[in-house]
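S.K.:
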Amino acid sequence: MGRRPQPEIRERLIDACTDHALEHGLPDRLAPFSAATGASNRMLIYHFGTRDGLLREVLRRARERQLEAFGALLRV
Numbered sequence: 004m005g006r007r008p009q010p011e012i013r014e015r016l017i018d019a020c021t022d023h024a025l026e027h028g029l030p031d032r033l034a035p036f037s038a039a040t041g042a043s044n045r046m047l048i049y050h051f052g053t054r055d056g057l058l059r060e061v062l063r064r065a066r067e068r069q070l071e072a073f074g075a076l077l078r079v
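In terms of this note's numbering, the sequence shown opens at residue 4 and continues consecutively.
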């Protein structure tokens, strides 16, 4: 049996890819995400299955951040 992806590594990858996407936009390849995270394309696929799977998680995380920021503004 193969090893299972570690959730804490996956979370760090999502955060780093989200930071990159928010600063530079969504890339059309994995290479910019690989460079931003220091992980190989293969490692990203290992954790997310496909490029689309990674993009889904990045968009989800960006949305969470957006909702948190708007919520903080409403509490002020």
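Backbone N, C-alpha and C define an ideal beta-carbon position, used for all residues, glycine too.
How would you write the range of the alpha helix (DSSP H) that Q69 sits in, first residue to last?
M.R.: In the sequence shown, residue 69 corresponds to position 66, counting from 1. That run of the alpha helix (DSSP H) goes 54 to 78.
S.K.: According to DSSP, is L25 part of a helix, a strand, or is it coil?
M.R.: By 1-based counting over the sequence shown, the position of residue 25 is 22. L25 falls in the helix class under three-state DSSP.
S.K.: Would you mind stating whether R64 and D31 have Cβ atoms separated by less than 8 angstroms?
M.R.: Counting from one through the sequence shown, the residue named residue 64 turns up at place 61. Counting from one through the sequence shown, the residue named residue 31 turns up at place 28. Against a cut-off of 8 angstroms, the Cβ pair of D31 and R64 comes out as no contact.
S.K.: Using the Cβ count rule (16 or more neighbours within 10 Å means buried), how would you classify A24?
M.R.: If you number the sequence shown from 1, residue 24 lands on position 21. It is buried - the Cβ of A24 has at least 16 other Cβ atoms within 10 Å.
S.K.: Exposed or buried, A42, counting other C-beta atoms within 10 Å across all chains shown (16 or more means buried)?
M.R.: Here residue 42 refers to the residue found at position 39 when the sequence shown is read from its first residue. Looking at its Cβ environment, which holds 16 or more other Cβ atoms inside 10 Å, A42 is buried.
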